[in-house]
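Trainee: The following block contains the structure, expressed as structure tokens.
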Amino acid sequence: MDRREFLSRMAAFGAAGAALLYGPARLFGAERSRSSGLNDAGEKAIRDEARKIRTAAAFPYLVAVRGGAPDAMFAAGIAALGGMERFVRRGGSVVVKPNIGWDVPPERAANTSPALVATVIEACLAAGAKRVYVFDHPCDSWQACYKNSGIEGAAKTAGATIAPAAAESYYQEVAVKGSKVLTSTKVHELILEADAVINLPVLKSHGGAGMTCSLKNLMGTVWDREEFHFKGLDACIAEVALAVRPTLNVVDASKVMLTGGPRGNGGSRYAELGMQILCPDIVAADAAAAKAFGAGPGSFEYIGRAAALKVGTDNLDSLDIRRIVL
Amino acid sequence: MQGTRAGFARRSACARIRVAASAIVFLLYAAAFAFSGSEAAALAGILPKLQFFPALLRALSATAAGALGGAIAIASAVLLLTAMFGRVYCACLCPLGALQDGLIRAGRAARTLMGRRSGSRRAHHGAYRRGRAAFHAGAFVLAAGAAIAGSTILLGLLEPFSAFGKIGAGLVRPLADLANNGLAALSGAAGSFAVATVTVSWAWARALVGTAALFIVGSMSLSSGRLYCNSLCPAGAVLRAASFRPWFGLGIDSSKCNRCGACERVCRASCARPAGAGIDENRCVRCFDCVSACPSGAIRFGRARPAFDEAGAAHDSSRRRFLSFGTAAAVGVAGAVLLGGSGRYLKPAVFMNGQERPPAAPPGAGSVDRFLGSCTACGSCVAVCPSGVIRPAEFQWGILDPAKPYLAYDRAYCQFECDRCLRSCPTGALRQLSLEEKKLTRLGQSSLALERCIVVTNKTRCGSCAEHCPTGAVSMSVPKGGGLPLPATDTTLCIGCGACETACPVQGRKAIHVEGLKVQDRARFLLIRPGDRGSARNTQDGEGGGTQVHGTIHPSEGKDGFPF
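Protein chains in written order, with the numbering used here: chain A, 1 to 326; chain B, 1001 to 1564.
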């Protein structure tokens, strides 16, 4: 444990050094995330530049960790990615968006693990975030979901503000540039105002989409969920990622619901995968998650659609992947 | 007399206690409805059960010994209290009584104000009225008899907690929601999420029913004081009988009394006789205003036996009394039989509203007949339902059961892990199932119309119904010929919660629809046993909600055990 801690500390120091070296990138990173959902040409250019600088850095494109508790895996993973400082601006506001869709206890793994939510919040605050907000627009009754998922308690203890999302007044209409189907949608105001969005999905089976992970988790940032189904689920899941662009995606694949998802029932089967995937590229995160799920990016139409929209890449072969076993 | 609002200088000690107690009771019950959507819903799970008539009804329908004991204890405690001290329950434990007293007080204040303008200082309720006990008894026989014969419509209209609950669920709760959202807007402007905006639980049917109840009770109390409690209220009728000769009474000391008639003028029950001739104990709702108003301190609450009873009885000969009570009882019984009988006769004809099946009743209803036979439409379950799926019926239950709750699945569904409604039910219409039992209770049955499903019509992936299904009754599978996954239902697993219907994105008539059941029976449920791979749908013994791990993923084929 000592050696591991030493290594992760070293990685963190390395990240701090890198952050100094790539100061402009950090600034750009902040700029990029602040403009989430409001992409005009100029900002897009800055963002692309920032992305280039960032990928040119010594950090891996995607980090996958397995074999530990959620907080230990996250500590190792984020250190390898360059530390939370790379994604969270000092004094900025952060939205941590777990999956809190269902009124079920944590052991059902239908919602993101409360322990992971807590450790991500702590990392954001330690990186200098001024405020961290946590919310989801759930399917079941929202107070029950927040409470019984264990996330409300964990998030509050960790120092975040639990924000409500079950009223239309919290959402603002946003044009989805580059979309064909979901031309506009109402996005939660906190997402639009945040300096950084940390997407915290739980990997599990999904009756409609096949698999739910990072991209599908963004459905909890919009008001009209029914519209997605009506207009075409795969297209809308892909296109919402044009409007809502997480700074970092952390996939909770510790205990994976294999059947009966997303809510799960008494007949649901599970796998103790003990894995976490960290990646700023939401499409790559889902492509890796799809493989972890025992399928591939090609099995889920929305991943290919998102890649075609240039939201990210679903070609894992070309990527610098760092694999950590604890 | 100094010109205070009620026409007396200062309240007697008893009256001060009564005012304080009834204010507390009113605020508690109002809060139970106002905050019924929040954590305070627990309040709404306890307070309604403490009320007298709901406890009587619960005792009649109780199946569990504990529930029966509790209900009998509450009903006997109220009866004993009444036999000892008179109708103190009506004075300060009944929320509808407290509401009426508040209105009476407001009315007096308004009258005093107007009276002052016109130079008069009279602020009172008026004059003594005859008891009309026969009318009250007849109303009771009619309402209770009809309930026994099969229709609780009159009981639901007249029973005081049910009337209060209709106002609470229909008006208090939406107003509280609006106030909450005002606060949320303010706190939001200050950058805080301390108060969350909620969906205002407004529904026309609810509001209309609440307004009607408030109008009837309000207009009666503003014009005639506590007339409702002494002519229509079934709880009042029982307690009136119980307080015929209370241990503690209101006695007038004729040596002190100067026959000024102040007691008669302030009496909200119109039961103080002219010129200090006494107080009709059985109608007295123990407001103690007469004690406060008496300028010579002649009226005392104590062991002293009031002298009026015999004098009062002398007005009516025993033959006349027998005749009037007999007529009232006969009319009551006849009406009850007619109402109950027609309820039974009318129900099948109109209830279905052109549908084959009844609407879904809240969990714990047991059967439609049982449920409609004991529900008084008090609105408790409507108010505490977190999703708003429980709504008071217009005519979904037929014309003789308006305002009784049903599950409206078009915009909300019954939450799997929730049992607030049956916990809040004070009359026993919803049985106290455990949460595990409730999760297996079939409220309705889903039926699929694939020709309307958007997977078929729009050729798009969906599965919203299966996503929301808590039991695995709806699942998605690729048809034999290939193509997009289509929903399929296993009705033996379906509990009729309506999640699928609510979630179905089809505009207009949904592709999956849940209809109620005449009898709420038990569903089969899924449970994976250790070592039970693959075949998920085969067991239903043991406890539900297992999360055993039977993974089929072997993440070993890639680098370092990663599949990528």
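Note that beta-carbon positions come from the ideal geometry of N, C-alpha and C, so glycine has one too. No experiment lies behind these values; they were computed from the predicted model shown.
#1: Roughly how many angstroms lie between the CA atoms of N1538 of chain B and L258 of chain A, to the nearest whole one?
#2: Would L1407 of chain B and A1360 of chain B qualify as a contact pair, given that the criterion is a beta-carbon distance under 8 Å?
#3: C1290 of chain B lies in the alpha helix (DSSP H); which residues open and close that run?
#4: Of all Cβ atoms in chain B, is any one closer than 8 Å to the Cβ of P246 of chain A?
#5: Less than 8 Å between the beta carbons of P1362 of chain B and L1430 of chain B, yes or no?
#6: Does DSSP put Y1228 of chain B in a helix, a strand or coil?
#7: Can you tell me where the beta strand (DSSP E) holding T1492 of chain B begins and where it ends?
#8: Considering only C-alpha positions, which residue in the set B:L1433, B:Q1432, B:S1374, B:G1508 is nearest to K1404 of chain B?
#9: How far does the beta strand (DSSP E) with N249 of chain A in it reach, from first residue to last?
#10: For a test of the three-state rule: what should DSSP assign to T1561 of chain B, helix, strand or coil?
#11: Select from B:A1133, B:S1076, B:F1301, B:A1013 the residue whose C-alpha is nearest the C-alpha of A1329 of chain B.
#12: Nearest by alpha-carbon distance to G232 of chain A: which of A:G266, A:L248, A:D195, A:T183 is it?
#13: Once you ignore the five residues that flank A1205 of chain B on each side, which residues in its own chain have a CB closer than 7 Å to its CB?
#14: Out of curiosity, what's the CA-to-CA distance linking C1090 of chain B and V1025 of chain B?
#15: Within the segment 1018-1096 of chain B, note down every full alpha helix (DSSP H) run reaching 4 residues or more, in order along the chain.
#16: Using a beta-carbon distance cut-off of less than 8 Å, what residues from the segment 158-173 of chain A approach chain B?
#17: Does the segment 1096-1111 of chain B come close enough to the segment 1011-1029 of chain B that 3 or more CB-CB pairs lie under 8 Å?
#18: Tell me which same chain residues have a C-beta within less than 6 Å of the C-beta of D1490 of chain B, skipping the five on either side of it?
#19: Which word fits N1258 of chain B, buried or exposed, when buried means at least 16 other C-beta atoms lie within 10 angstroms of its C-beta?
#20: What in chain A is Cβ-close to I1252 of chain B, meaning under 9 Å?
#21: Once the 5 residues before and after L1183 of chain B are set aside, which same chain residues still bring their CB inside 7 Å of it?
#22: List the residues of chain A that H1468 of chain B touches, going by C-beta distances under 7 Å, in chain order.
#23: Going by DSSP, which residues form a beta bridge with N199 of chain A?
#24: Grouping DSSP H, G and I as helix and E and B as strand, with all else coil, what is Q1100 of chain B?
#25: If we ignore side chains and look at the alpha-carbon of each, how far apart do G1326 of chain B and I1148 of chain B end up?
#26: Starting from T185 of chain A, trace the beta strand (DSSP E) both ways and give me its first and last residue.
#27: Report yes or no: do three or more beta-carbon pairs, one from the segment 1414-1425 of chain B and one from the segment 129-147 of chain A, lie closer than 8 Å?
#28: Inspect the CB distances between the segment 1236-1249 of chain B and the segment 1274-1290 of chain B and report whether three or more fall short of 8 Å.
#29: Out of curiosity, what's the CA-to-CA distance linking V1478 of chain B and R1461 of chain B?
#30: Where DSSP assigns a beta bridge to H1468 of chain B, which residues make up the other side?
#31: Using a C-beta cutoff of 8 Å, does G1561 of chain B count as contacting chain A?
#32: Tell me, to the nearest whole angstrom, how far the beta carbon of D252 of chain A is from that of P70 of chain A; I am working on the premise that it is less than 8 Å.
#33: Quick one, which residues of the segment 76-105 of chain A are near chain B if we go by CB-CB under 8 Å, in chain order?
#34: Interface residues of chain A around T1152 of chain B at Cβ under 9 Å?
#35: Below 8 Å on the Cβ atoms is my contact criterion, and I expect L62 of chain A with I277 of chain A to pass it. Report the Cβ-Cβ distance as a whole number of Å.
#36: Around the C-beta of G1534 of chain B, are 16 or more other C-beta atoms found within 10 angstroms, so that it is buried, or is it exposed?
Mentor: Result, derived from the coordinates:
#1: Residue 1538 of chain B sits at position 538 when you count from the first residue of the second sequence. Residue 258 of chain A sits at position 258 when you count from the first residue of the first sequence. Any reading at N1538 of chain B is ruled out, since the residue's pLDDT is 36, under 50, leaving its predicted position unreliable.
#2: Here residue 1407 of chain B refers to the residue found at position 407 of the second sequence. Here residue 1360 of chain B refers to the residue found at position 360 of the second sequence. Yes, the Cβ-Cβ distance between L1407 of chain B and A1360 of chain B is below 8 Å.
#3: Within the second sequence, the letter at position 290 stands for residue 1290 of chain B. Run containing C1290 of chain B: 1289-1293, per the alpha helix (DSSP H) assignment.
#4: Along the first sequence, read from residue 1 onward, the residue named residue 246 of chain A stands at position 246. No, because no Cβ of chain B sits closer than 8 Å to the Cβ of P246 of chain A.
#5: Your numbering for residue 1362 of chain B matches position 362 in the second sequence. Your numbering for residue 1430 of chain B matches position 430 in the second sequence. A contact, by the Cβ cut-off of 8 Å.
#6: For the purposes of this step, residue 1228 of chain B is identified with residue 228 of the second sequence, where counting begins at 1. Helix.
#7: Sequence index remark: in the second sequence, residue 1492 of chain B carries index 492 (1-based). Element bounds for T1492 of chain B: n/a, residue is neither H nor E.
#8: What you label residue 1404 of chain B is simply residue 404 of the second sequence in a count that begins at 1. That would be B:S1374, whose Cα lies nearest to the Cα of K1404 of chain B.
#9: Residue numbering aside, residue 249 of chain A sits at position 249 when the first sequence is read from its first letter. Taken as a continuous stretch (DSSP letters only), the beta strand (DSSP E) holding N249 of chain A covers 248-257.
#10: Position 561 of the second sequence, counting from 1, holds the residue named residue 1561 of chain B. It is Gly, not Thr, that sits at residue 1561 of chain B in the sequence shown. In this structure, G1561 of chain B counts as helix in the three-state DSSP scheme.
#11: Locating residue 1329 of chain B in the second sequence gives position 329, counting from the first residue. It is B:A1133 whose Cα lies nearest to the Cα of A1329 of chain B.
#12: Sequence index remark: in the first sequence, residue 232 of chain A carries index 232 (1-based). Comparing Cα positions, the closest option is A:T183.
#13: Taking the first residue of the second sequence as 1, we reach residue 1205 of chain B at position 205. Result list for A1205 of chain B: R1391, P1392, E1394, in chain order.
#14: Your numbering for residue 1090 of chain B matches position 90 in the second sequence. Your numbering for residue 1025 of chain B matches position 25 in the second sequence. One C-alpha to the other measures close to 11 Å.
#15: 1041-1046, 1052-1061, 1065-1085, 1088-1092
#16: T161, I162, A163, P164, A166, A167, S169, Y170
#17: yes
#18: Taking the second sequence and counting its residues from 1, one reaches residue 1490 of chain B at position 490. Excluding sequence neighbours, D1490 of chain B sits near A1473.
#19: Here residue 1258 of chain B refers to the residue found at position 258 of the second sequence. That one is exposed.
#20: In the second sequence, residue 1252 of chain B corresponds to position 252, counting from 1. Ordered by position in chain A, no residue passes the 9 Å Cβ test against I1252 of chain B, which lies about 56 Å from the chain.
#21: As a first step, residue 1183 of chain B is located in the second sequence; it is residue number 183 there, counting from the start. For L1183 of chain B, where only same-chain residues beyond five positions count, the Cβ hits under 7 Å are V1195.
#22: As a working note, residue 1468 of chain B is residue 468 in the second sequence. C139, R263, listed in chain order.
#23: The count along the first sequence starts at 1 and reaches residue 199 of chain A at position 199. Note: N199 of chain A sits in a beta bridge opposite A:K97, A:N249.
#24: If you number the second sequence from 1, residue 1100 of chain B lands on position 100. Helix, per DSSP.
#25: Mapped onto the second sequence, residue 1326 of chain B falls at position 326. Mapped onto the second sequence, residue 1148 of chain B falls at position 148. In a straight line, the C-alpha of G1326 of chain B is about 20 Å away from that of I1148 of chain B.
#26: One-based indexing of the first sequence puts residue 185 of chain A at position 185. Note, T185 of chain A: beta strand (DSSP E), 184-188.
#27: yes
#28: yes
#29: Start at 1 with the first residue of the second sequence, and residue 1478 of chain B comes out as number 478. Start at 1 with the first residue of the second sequence, and residue 1461 of chain B comes out as number 461. Roughly 11 Å separates the two Cα atoms.
#30: Here residue 1468 of chain B refers to the residue found at position 468 when the second sequence is read from its first residue. Answer by DSSP bridge pairing: none, since H1468 of chain B is not bridged.
#31: As a position in the second sequence, residue 1561 of chain B is number 561, starting the count at 1. So, interface residue.
#32: The sequence position of residue 252 of chain A within the first sequence is 252, counting from 1. The sequence position of residue 70 of chain A within the first sequence is 70, counting from 1. Their Cβ separation, rounded to whole angstroms, is 7 Å, which keeps D252 of chain A and P70 of chain A in contact under 8 Å.
#33: D103, V104
#34: Taking the second sequence and counting its residues from 1, the one referred to as residue 1152 of chain B is at position 152. Under the 9 Å cutoff, chain A gives no residues; its nearest Cβ is about 30 Å from T1152 of chain B.
#35: As a first step, residue 62 of chain A must be located in the first sequence, where it is residue number 62. As a first step, residue 277 of chain A must be located in the first sequence, where it is residue number 277. Correct: roughly 7 Å between the Cβ atoms.
#36: Along the second sequence, read from residue 1 onward, the residue named residue 1534 of chain B stands at position 534. Note that G1534 of chain B scores a pLDDT of 40, beneath 50, so its modelled location is shaky; the value from the coordinates is reported in the next line. Flag for G1534 of chain B reads exposed.
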